[in-house]
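Q: Sharing a structure, written as structure tokens. Questions coming.
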């Protein structure tokens, strides 16, 4: 008695392969959709920043009353989360992810400069934090600092947190680092032009922020 | 995730998917035959003589109910013998057995404790009926169970028939998750029966032609899994084992984690040890689907479950460690996001959903066969939420014991 049916084994192999590759295809499809979403948000932010710059230029002659941080793009924070997720899930060597990250870093610098200009014009204290990290395994405290920065970002909606990968190959970012003379002692944080190295707890960072910075109002 | 780890996970998932697809393909291929079997199941052309052996060791609580269920079978009384073997019990089992000594067709034996296989062999030496069955003293049959089993012996090639085993009165979470598992087992067993690849003739009411023992010899100790070894031996001799999916037997399930662990450790360890003893059957076309599909799939299921759960546990520990670190640094923050962007759409996520869906389908198909929708779907929920996480405990220990050649006690 031998019930071994080779054909059945091959049919099952074909069906299994079909299901397996469909799963791979679906996964790739959704990954591409997600990266496209990140790209769309980046484009929207680019337009927002251009719009803000234009608005700023138009309002050069008017009072500070009309210019506020609300004209700056509000989507940088959510984009950062999505980009981190993409980096974690699709790999930080993924070409598309690297390209999006470079674009994001440029947008951050533009947003930082614009907010600085507005603050100067209106005599305000800029409410921004520049955070420099590395995820190449050479910064054991970066994960912890990341949690603190995420907390601050979510607790103080007005606060603008700009995060930069120390190893990102982008000349604008390198210029920014050289302006502040950033050393490879990560994590590094720049608040009000002053550079702080090493892990800073949330209380320590909060004490460096302006007192009038409003906390997020919890809604039910 | 290193590329080797990732590759291994994908290979295991692919192989697991292959096994599930194979069983599903069998289901769609054979469902008409299964329906036909169901419509003809009660039309017996004759009643061969049958002896049911009830080996017991310290089963005073359930023995009477087991014998009562046998006495209530719809089967000619002159064709049915019940042989109770007390394997040196130290509780009131013998006293319980003695209550039945004057019943027609009931024989009692008492011997020194030597293990289940010795009790069965003791009885076999006193039997001369066409068919011989075994019923564990913690299991109960329905009135038509034997008839539905004997039907399959009308095929002269059939040498053994296994029943569909359900959990007796499942109430607690631990019993409910086993209920779902047994329902899945009913589906598996039927499909394996259809392709002649059943790997065990379980203690609760498997019935054999007497000549199986005459030709192949008695039960063996076989690492305390004599029912498994006998099935292996039968396949080695190309003896056909089928499953009567409508012949229901209920069995008392372990109701503590400890007793469940011990039982499963014995089963899995026994399977691995017998697999080594019968390694020549693996990937051997001569032994059909049993050698080419069942044995590799069963070993794969043990190893893959260990690997996948280990892999998932490492990820889970990393995730929890990250969360603890986050809470330690910034306190408890509500970071829950409804954004669809963050839903996991990785290949493994899709494959896991497909595997789980097929498993649920097979459990529900098993429930249909078993006509058992007690506590549904709670049992399936327990199965996926609890059971799959405790299985690795005995899989790991069984593998460890096998590698180090350690013995697994019966109790």
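Chains as they are written, first to last, in our numbering: chain C, 104 to 323; chain E, 30 to 440. Glycine is no exception: its CB is placed at the ideal position from the N, C-alpha and C atoms.
#1: For the 8 Å Cβ check, are there 3 or more pairs between the region 196-208 of chain C and the region 227-247 of chain C?
#2: Taking Cβ-Cβ distances below 7 Å as the criterion, which residues of the region 179-207 of chain C are in contact with chain E?
#3: Do residue 170 (chain E) and residue 181 (chain E) have their C-beta atoms closer together than 7 Å?
#4: Looking at chain E, is there any beta carbon in it that lies within less than 7 Å of the beta carbon of residue 127 (chain C)?
#5: Using a Cβ-Cβ cut-off of 7 Å, state whether residue 318 (chain C) counts as contacting chain E.
#6: Given a threshold of 16 other Cβ atoms within 10 Å of its Cβ, counted over all protein chains shown, does residue 397 (chain E) qualify as buried or as exposed?
#7: Can you list the residues of chain C that residue 374 (chain E) reaches, using a CB-CB cut of under 8 Å?
#8: Do the region 401-409 of chain E and the region 207-224 of chain E touch if we need at least three Cβ pairs shorter than 8 Å?
#9: For residue 144 (chain E), I'd like the list of residues in its chain whose CB is within less than 8 Å of its CB, leaving aside the five on either flank, ordered along the chain.
#10: Rounded to the nearest angstrom, what separates residue 138 (chain C) and residue 287 (chain E) at their Cα positions?
#11: Residue range of the alpha helix (DSSP H) that residue 180 (chain E) falls in?
#12: Against chain C, with Cβ distances strictly below 7 Å, would residue 420 (chain E) count as a contact?
#13: Below 7 Å on C-beta distance, what does residue 224 (chain E) contact in chain C?
#14: Would a check of beta-carbon distances place residue 322 (chain C) closer than 7 Å to chain E?
#15: Return the chain-ordered ranges of every alpha helix (DSSP H) run that is complete within the region 180-228 of chain E and spans a minimum of 4 residues.
#16: Given a limit of 7 Å on CB to CB distance, which residues of the region 350-361 of chain E reach chain C?
#17: In chain E, which residues lie with their C-beta within 7 Å of the C-beta of residue 115 (chain C)?
#18: Who are the Cβ neighbours of residue 329 (chain E) in its own chain at under 8 Å, not counting the five residues just before and after it?
#19: With 16 other CB atoms within 10 Å as the buried threshold, where does residue 124 (chain C) fall?
#20: Could you check whether the Cβ of residue 269 (chain C) sits closer than 7 Å to any Cβ belonging to chain E?
#21: Pairing CB atoms from the region 57-65 of chain E with CB atoms from the region 82-102 of chain E, are three or more of them under 8 Å?
#22: Can you give me the C-alpha to C-alpha distance between residue 417 (chain E) and residue 341 (chain E), rounded to a whole angstrom?
#23: Within the chosen definition, does the region 152-165 of chain E reach the region 65-84 of chain E through at least 3 CB pairs nearer than 8 Å?
#24: Going along the chain, which residues of the region 243-258 of chain C sit with their C-beta nearer than 8 Å to a C-beta in chain E?
#25: Measure the alpha-carbon distance for residue 73 (chain E) versus residue 423 (chain E) and round it to whole angstroms.
#26: With a threshold of 7 Å between beta-carbons, can residue 317 (chain E) be considered close to chain C, or not?
#27: Using a Cβ-Cβ cut-off of 7 Å (strictly less than) and excluding sequence neighbours within five positions of residue 195 (chain C), which residues of its own chain qualify?
#28: Under 8 Å: do the region 374-381 of chain E and the region 127-135 of chain C share three or more Cβ pairs, one atom per stretch?
#29: Taking the alpha carbon of residue 55 (chain E) as the point to measure from, which residue in C:134, C:122, C:142 and C:111 has its own alpha carbon closest?
#30: Around the C-beta of residue 271 (chain E), are 16 or more other C-beta atoms found within 10 angstroms, so that it is buried, or is it exposed?
#31: Among residues of its own chain, excluding the 5 on either side of residue 173 (chain E), which ones have a beta-carbon nearer than 6 Å to its beta-carbon?
#32: Locate the beta strand (DSSP E) running through residue 275 (chain E), then write down its first and last residues.
#33: Please list the partners that residue 321 (chain E) has in chain C, where partner means a Cβ-to-Cβ separation under 7 Å.
#34: Taking only the alpha-carbon atoms, compute the straight-line gap between residue 323 (chain C) and residue 404 (chain E) and give it to the nearest angstrom.
#35: As an exercise, report each continuous alpha helix (DSSP H) stretch of at least 4 residues that is fully enclosed by the region 238-320 of chain C, in chain order.
A: If we stick to the structure as given:
#1: Fewer than three pairs of CB atoms, one per stretch, sit closer than 8 Å, so the region 196-208 of chain C makes no contact with the region 227-247 of chain C.
#2: For chain E, the residues of the region 179-207 of chain C that bring a beta carbon within less than 7 Å of one of its beta carbons are 185, 188 and 192, in chain order.
#3: Your numbering for residue 170 (chain E) matches position 141 in the second chain. Your numbering for residue 181 (chain E) matches position 152 in the second chain. The Cβ atoms of residue 170 (chain E) and residue 181 (chain E) do not sit closer than 7 Å to each other.
#4: As a first step, residue 127 (chain C) must be located in the first chain, where it is residue number 24. With its beta carbon less than 7 Å from one in chain E, residue 127 (chain C) belongs to the interface.
#5: By 1-based counting over the first chain, the position of residue 318 (chain C) is 215. Not an interface residue.
#6: As a first step, residue 397 (chain E) must be located in the second chain, where it is residue number 368. Counting the other Cβ atoms within 10 Å of the Cβ of residue 397 (chain E) gives fewer than 16, which makes it exposed.
#7: Here the question's residue 374 (chain E) lines up with position 345 in the second chain. Those within 8 Å of residue 374 (chain E) in chain C are 129, 130, 133, 134 and 137.
#8: Contact annotation: the region 401-409 of chain E touches the region 207-224 of chain E, with at least three C-beta pairs closer than 8 Å.
#9: Here residue 144 (chain E) is taken as the residue at index 115 of the second chain, counted from 1. Taken in chain order, the residues that qualify are 116, 250, 253 and 439.
#10: Counting from 1 along the first chain, the entry for residue 138 (chain C) is found at position 35. Counting from 1 along the second chain, the entry for residue 287 (chain E) is found at position 258. Rounded to whole angstroms, the gap between the alpha carbons of residue 138 (chain C) and residue 287 (chain E) is 49 Å.
#11: By one-based count along the second chain, residue 180 (chain E) stands at place 151. Neither: residue 180 (chain E) is in no alpha helix (DSSP H) and is coded neither H nor E.
#12: Along the second chain, read from residue 1 onward, the residue named residue 420 (chain E) stands at position 391. Chain C contact via Cβ: absent.
#13: Residue mapping note: residue 224 (chain E) aligns to position 195 of the second chain, counting from 1. In chain order: 106.
#14: Position 219 of the first chain, counted from the start, is the residue given in the question as residue 322 (chain C). Because the pLDDT of residue 322 (chain C) is 45, which lies under 50, any placement of that residue in the model is unreliable, and the question is left without a value.
#15: Runs of the alpha helix (DSSP H) spanning 4 or more residues and lying entirely within the region 180-228 of chain E occur at 202-223, in chain order.
#16: Answer set for the region 350-361 of chain E: 354, 355, 358 and 359.
#17: Reading the first chain from its first residue, position 12 is the one you call residue 115 (chain C). At a C-beta separation below 7 Å, residue 115 (chain C) has these neighbours in chain E: 47, 50, 51 and 54.
#18: Along the second chain, read from residue 1 onward, the residue named residue 329 (chain E) stands at position 300. Excluding its 5 nearest sequence neighbours in each direction, residue 329 (chain E) has C-beta neighbours in its own chain below 8 Å: 41, 44, 45 and 48, listed in chain order.
#19: For this step, residue 124 (chain C) is matched to residue 21 along the first chain. Exposed, by the Cβ-count rule.
#20: Counted from its first residue, the first chain places residue 269 (chain C) at position 166. So no, residue 269 (chain C) is outside the interface.
#21: When Cβ pairs closer than 8 Å are counted between the two stretches, the region 57-65 of chain E is seen not to touch the region 82-102 of chain E, the count staying below three.
#22: To locate residue 417 (chain E), count along the second chain from 1; it is residue 388. To locate residue 341 (chain E), count along the second chain from 1; it is residue 312. Straight through space, the alpha carbons of residue 341 (chain E) and residue 417 (chain E) are spaced by roughly 12 Å.
#23: With the cut-off at 8 Å, the region 152-165 of chain E and the region 65-84 of chain E touch.
#24: If the cut-off is 8 Å between Cβ atoms, the region 243-258 of chain C has 246, 247, 250, 251, 253, 254 and 257 near chain E.
#25: Indexing the second chain from 1 puts residue 73 (chain E) at position 44. Indexing the second chain from 1 puts residue 423 (chain E) at position 394. Those two C-alpha atoms are separated by around 42 Å.
#26: Translated into positions along the second chain, residue 317 (chain E) becomes position 288. Residue contact check for residue 317 (chain E) against chain C: a CB pair falls below 7 Å.
#27: For this step, residue 195 (chain C) is matched to residue 92 along the first chain. Taking C-beta separations shorter than 7 Å and ignoring five residues to either side along the sequence, the partners of residue 195 (chain C) in its chain run 238, following chain order.
#28: Short answer: they touch.
#29: The residue given as residue 55 (chain E) occupies position 26 in the second chain. Answer by Cα proximity: C:111.
#30: The residue given as residue 271 (chain E) occupies position 242 in the second chain. By the 10 Å Cβ count, residue 271 (chain E) comes out buried.
#31: Here residue 173 (chain E) refers to the residue found at position 144 when the second chain is read from its first residue. Annotation for residue 173 (chain E): 103 place their beta carbon closer than 6 Å to its own, counting only its chain and skipping 5 residues before and after.
#32: Here residue 275 (chain E) refers to the residue found at position 246 of the second chain. For residue 275 (chain E), the enclosing beta strand (DSSP E) has its first and last residue at 269-280.
#33: Against the second chain, residue 321 (chain E) aligns to sequence position 292. Neighbours of residue 321 (chain E) on chain C, chain order: 107.
#34: Within the first chain, the letter at position 220 stands for residue 323 (chain C). Within the second chain, the letter at position 375 stands for residue 404 (chain E). Confidence in residue 323 (chain C) is poor, its pLDDT being 37 and thus under 50, which makes the residue's placement too unreliable to answer from.
#35: Secondary structure in the region 238-320 of chain C: the alpha helix (DSSP H) runs of 4 residues or longer, each lying completely within the stretch, are 245-258, 274-282 and 305-311 in chain order.
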